[in-house]
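What follows is a set of notes on a single structure, which appears directly below.
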Amino acid sequence: MRKPALNDEILLSIQQPARYIGGEVNMVKKDPSKVDIRFAMCFPDVYEIGMSHLGIQILYSMFNQREDIYCERVYSPWTDLDPVLREKKIPLFTLETQDPVKDFDFLGITLQYEMCYTNMLQILDLSQIPLHACDRTEEHPIVIGGGPCAYNPEPLAEFFDIFYIGEGETVYFELMDRYKENKKRGGNRHGFLELAAEIPGIYVPAFYDVSYKEDGTIESFRPNNSHAMPVVTKQVVSNMDDVGYIEKPLVPFIKVTQDRVVLEIQRGCIRGCRFCQAGDVYRPLREHSLEYLKHYAYDMLKNTGHEEISLSSLSSSDYSQLEGLVNFLIDEFKGKGVNISLPSLRIDAFSLDVMSKVQDIKKSSLTFAPEAGSQRLRDVINKGLTEEVILKGARDAFEAGWNRVKLYFMLGLPTETVQDMEGIALLSEKIAEEYYEIPKDRRNGKVQIVASSSFFVPKPFTPFQWARMCTKEEFIERANIVRGKFREMKNFKSLKYNWHEAELTVLEGVLARGDRRVGAVIEEAYRSGAIYDSWSEYFNNDVWMKAFETCGVDMDFYTTRQRSLDEVFPWDFIDAGVTKEFLIREWNCAVNEQVTPNCRQRCSGCGAKSFGSGVCYETVKG
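For the sequence shown, position 618 (counting from the first letter as 1) is numbered 618 according to full-length UniProt numbering, and the numbering increases by one without interruption.
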């Protein structure tokens, strides 16, 4: 019988105590004394968000299929429990056994977005694990980082023993086997890290030295240990059907962000949008077979009792067997009270027909992501979407009965002009006009167009990794230009415009392209109270500005500076599949407003073919 880490007095004094007690439906139970490896899997955000993350569920299921491993979970304590744990000196614990995280063999932390970095330090701190990897002893867990932010691990290099570059189903078991082997022969922590560094996709920051030029850019980045590889290559799954699916997903007792079954239909993307890091680092596109997904969907719904299933991918419309899959889901589950959610669809006749079958048109809105207001700028970012297609999609949707549309744009994109900014309002107006051209007796009430702008952040492994980023003041000025143009529109009352926080975006830009020197700023901000930075109600920009000042780090060096094409980046030692030559070629295409076809139209020679699978081998090259 496990003993709860928190007593009743504490549980009754905090919000949502179910965040911390475990025991959810399908939670894995094992005897910790009968396993060789204990692995604490962490999502460094509140429980409701972490429980919604598909990657954590995949790894949790994968690890626990091995009898010699017990994988448990831990999430960031909310702001009400955090001070209680500190005051009462209760070490952070896992949900399954309620045991202290510090007693585990491994602590794996997924890094899904830059603004979780202070929460990552909170996890280490509350677990009573030294923040710096160099201060840990044989008694402490090996701390592993993974996820999309691991493609530039350098701002966090001081805090992690290991970074895992690539997809979790590839070399994790080899890593675990080497740990067991090292432990069995009485090896120490350093010896294991050397064994780990020999595995493709594994990066041990302590085994690399960085030197800088007088101008602050990187002079050299090289291994200081013979076991470390000069280049760390991303690891990907070749055949998606070889990956075991989650037969019994965890079902929480409280409502979480994604309270549904999530069906991953493919990985990667063929589109090549130049601002999109995921589209580059997850290449090549690889699909699950239709039969695999049928079994996957049936088992997960049967074992959870969920009343909704959602398709997961970067671009669901590009799944080659989408029609067959959707028809199966409708035939099999629609009459059983199961709702079907289809995000990431392009708005065309097929998509609208499908959505009309699975959604309540009167209650739902359609989402378009033009990203830029003008055709010129959409060509710069290689969006592959014309105004004609956007307006036809909107018209077809309105004809089918929809009257609410959400539009997503970015401000601050490379080469952006005032005309591009004003184009956001003009395109929104044109979409509203499409609605009012429909005879009044065939309209579904009033139309509502909600346009939202996020601010552009250049990311590693994209063609825009060399680009200058706007300042906070420039972002706000551009948003005001767009807002002013909206007020000039004839259908202004049917249009709404809002935008993201500029201060948060600028900080994200520093963290996204930062180097090891930024780590000191993250630590200083955390020690000064920064936590839950992705939550607007908790983000404190003043704390961060003070941290940059204290550490003597210039934010503009990482944001507003245009990079030269020959600059050495902090992430250049990683081979993510897409070559630097390809990214430079795409950067030049962007500047010249040239469009690159998607992967199914023509191979663009990005380098992902080296992985030997996916769309690279299904396409006939022209």
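Glycine is no exception: its CB is placed at the ideal position from the N, C-alpha and C atoms.
Status (buried if at least 16 other CB within 10 Å, exposed otherwise) for residue i
i: R267; result: buried
i: T137; result: exposed
i: G324; result: exposed
i: L12; result: exposed
i: Y497; result: buried
i: G607; result: buried
i: K490; result: exposed
i: V620; result: Reliability fails at V620, whose pLDDT of 45 lies under 50, so the model's placement of it is uncertain and the value that follows must be treated cautiously. So V620 ends up on the exposed side.
i: N119; result: buried
i: G279; result: buried
i: V506; result: buried
i: T596; result: buried
i: Q15; result: exposed
i: I254; result: exposed
i: V262; result: buried
i: P83; result: exposed
i: L565; result: exposed
i: G614; result: buried
i: E523; result: buried
Residue i, enclosing beta strand (DSSP E) - first and last residue
i: C71; result: 69-75
i: E308; result: 308-312
i: M41; result: 37-43
i: Q448; result: 448-455
i: D215; result: Careful: D215 lies outside any beta strand (DSSP E) and carries neither H nor E.
i: K406; result: 404-411
i: A106; result: The question names Ala, but residue 106 in the sequence shown is Phe. Unbroken beta strand (DSSP E) run through F106: 106-110.
i: L263; result: 261-264
i: A369; result: 366-371
i: S341; result: 339-341
Integer-rounded CB distance, given that residue j should sit under 8 Å from residue i
i: Y408; j: E433; result: About 20 Å; that fails the 8 Å criterion.
i: E247; j: D299; result: 5 Å
i: N26; j: L250; result: 5 Å
i: L107; j: C149; result: Rounded, the Cβ-Cβ distance is 16 Å, inconsistent with contact.
i: Y179; j: D105; result: 7 Å
i: Q57; j: E167; result: Their Cβ separation, rounded to whole angstroms, is 14 Å, which puts Q57 and E167 out of contact at 8 Å.
i: Y75; j: V46; result: 7 Å
Continuous alpha helix (DSSP H) stretch holding residue i: start and end
i: Y558; result: 555-558
i: W544; result: 541-551
i: Y245; result: From DSSP, Y245 is part of no alpha helix (DSSP H); its letter is neither H nor E.
i: G279; result: 277-281
i: G484; result: 472-487
i: K580; result: 580-591
i: N119; result: 117-126
i: I431; result: 418-436
i: P83; result: 82-87
i: I58; result: 54-64
Residue closest to residue i, alpha-carbon to alpha-carbon, out of the options
i: W499; options: D348, T550, I424, G514; result: I424
i: V171; options: G187, R189, A197; result: A197
i: S315; options: D259, S127, Y292, I270; result: I270
i: T94; options: Y20, K88, V418, N26; result: Y20
i: I431; options: A467, D80, I390, S364; result: I390
i: Q321; options: F333, G186, R513, Y292; result: Y292
i: L511; options: T304, F192, A133, K459; result: K459
i: Y558; options: R517, V231, L583; result: R517
i: I330; options: D353, Q419, Q235; result: D353
i: G493; options: G552, E429, E524; result: It is worth fixing the name first, because residue 493 is Lys in this sequence and not Gly. When only C-alpha atoms are compared, the closest one is E429.
i: Q601; options: G384, A576, E399; result: G384
i: Y526; options: I37, G23, L156; result: L156
i: F475; options: D31, R185, F455, R561; result: F455
i: A133; options: D82, H190, D556; result: H190
i: A394; options: Y151, Y436, A5; result: Y436
i: L504; options: T471, F328, D515; result: T471
i: H295; options: F275, S313, E332; result: E332
i: I347; options: N7, R260, G305, A369; result: A369
i: D396; options: S351, Q375, L426; result: S351
Proximity test, residue i beta-carbon vs the ligand ZN heavy atom, cut-off 8 Å
i: I109; result: You won't find the ligand ZN in this model; it holds no ligand whatsoever.
Legend entry - Inter-stretch contact at 8 Å, needing at least 3 Cβ pairs: the region 331-351 / the region 305-314: By the C-beta criterion, the region 331-351 is judged to be in contact with the region 305-314, since at least 3 inter-stretch pairs fall below 8 Å.
Inset, instruction - Examine the Cβ distances between the region 93-112 and the region 135-149 and report whether three or more of them are shorter than 8 Å. - result: Judged by Cβ distances under 8 Å, the region 93-112 makes contact with the region 135-149, as three or more pairs qualify.
Legend entry - Contact the region 479-489 vs the region 160-179: 3+ CB pairs below 8 Å: Under the three-pair Cβ rule at 8 Å, the region 479-489 does not count as touching the region 160-179.
Inset, instruction - May I ask you to verify whether the region 96-105 touches the region 47-62, counting CB pairs closer than 8 Å and requiring at least 3? - result: In short, these stretches do not touch, since the Cβ pair count stays below three.
Inset, instruction - Decide yes or no for the touch test of the region 213-222 against the region 580-590: beta carbon pairs closer than 8 Å, at least 3 of them. - result: Taking 8 Å as the limit for Cβ pairs, the verdict is that the region 580-590 does not touch the region 213-222.
Inset, instruction - Pair every Cβ in the region 541-556 with every Cβ in the region 569-578, then say whether three or more of these pairs are closer than 8 Å. - result: Flag = no, the region 541-556 and the region 569-578 do not touch.
Legend entry - the region 185-205 in contact with the region 159-168 per 3-pair CB rule at 8 Å: Yes, since at least three Cβ pairs between the region 185-205 and the region 159-168 fall closer than 8 Å, the two stretches touch.
Legend entry - Inter-stretch contact (C-beta, 8 Å, three-pair minimum) for the region 121-128 and the region 547-567: In short, these stretches do not touch, since the Cβ pair count stays below three.
Legend entry - Contact the region 282-290 vs the region 63-79: 3+ CB pairs below 8 Å: A contact is defined here as three or more CB-CB pairs under 8 Å, and the region 282-290 fails this definition with respect to the region 63-79.
Inset, instruction - For the region 434-449 and the region 400-416, state whether three or more C-beta atom pairs, one from each stretch, are separated by less than 8 Å. - result: Touching, yes, given that three or more Cβ pairs across the two stretches are closer than 8 Å.
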